[in-house]
């Protein structure tokens, strides 16, 4: 007798079969992820300094704006990464 997990996985594979990636596709996706992480880190470093300066100056409104900008930039880069990864998966 199959578990509910196994049954669910069978149904999932029928509706959306798993895509096998080539070694080149896996490498390209890994490179995209590395570039995205580097971009996020660079943006965090740049904004962290601005946030620290604004906090030291007592401009908490600017601190909030910069933190929101960082979160927005991070989400934007993640969305771009997912789009590029999907393009690689499609070939």
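Residue numbers (this note's numbering): 2 to 92.
All residues carry an ideal CB built from backbone N, CA and C; glycine is no exception.
Quick one, are the C-beta atoms of residue 8 and residue 45 less than 9 Å apart? In the chain shown, residue 8 corresponds to position 7, counting from 1. In the chain shown, residue 45 corresponds to position 44, counting from 1. Their beta carbons are not under 9 Å apart, which means residue 8 does not touch residue 45 by this criterion.
Three-state secondary structure assigned by DSSP to residue 10: Counting from 1 along the chain shown, the entry for residue 10 is found at position 9. Of the three classes helix, strand and coil, the one that applies to residue 10 here is helix, per DSSP.
Grab me the residues of residue 67's own chain with a C-beta within less than 8 Å of its C-beta, minus the 5 sequence neighbours each way, in chain order. The count along the chain shown starts at 1 and reaches residue 67 at position 66. Excluding sequence neighbours, residue 67 sits near 48, 51, 52 and 55.
Would you check if the distance between the CB atom of residue 3 and the CB atom of residue 11 is smaller than 9 Å? Residue mapping note: residue 3 aligns to position 2 of the chain shown, counting from 1. Residue mapping note: residue 11 aligns to position 10 of the chain shown, counting from 1. Contact flag set, yes.
Tell me whether residue 116 sits in a helix, a strand or coil according to DSSP, three-state version. The question about residue 116 has no answer here: the residues shown for the chain are numbered 2 through 92.
Under a three-way DSSP split, which group does residue 84 fall into? Locating residue 84 in the chain shown gives position 83, where the first residue counts as 1. It is helical.
Given residue 40, which residues of its chain have a CB within under 8 Å of its CB, disregarding the five upstream and five downstream residues? The residue labelled residue 40 in the question sits at position 39 within the chain shown. Result list for residue 40: 78, in chain order.
Cα-Cα, which of 89, 90, 64 and 74 is closest to residue 38? By 1-based counting over the chain shown, the position of residue 38 is 37. Taking only the C-alpha atoms, the option nearest residue 38 is 74.
Inter-residue CB distance, residue 29 and residue 82 (contact presumed, cutoff 8 Å): Translated into the one-based positions of the chain shown, residue 29 becomes position 28. Translated into the one-based positions of the chain shown, residue 82 becomes position 81. Between residue 82 and residue 29 the Cβ distance is about 12 Å, and since that is not below 8 Å, they are no contact.
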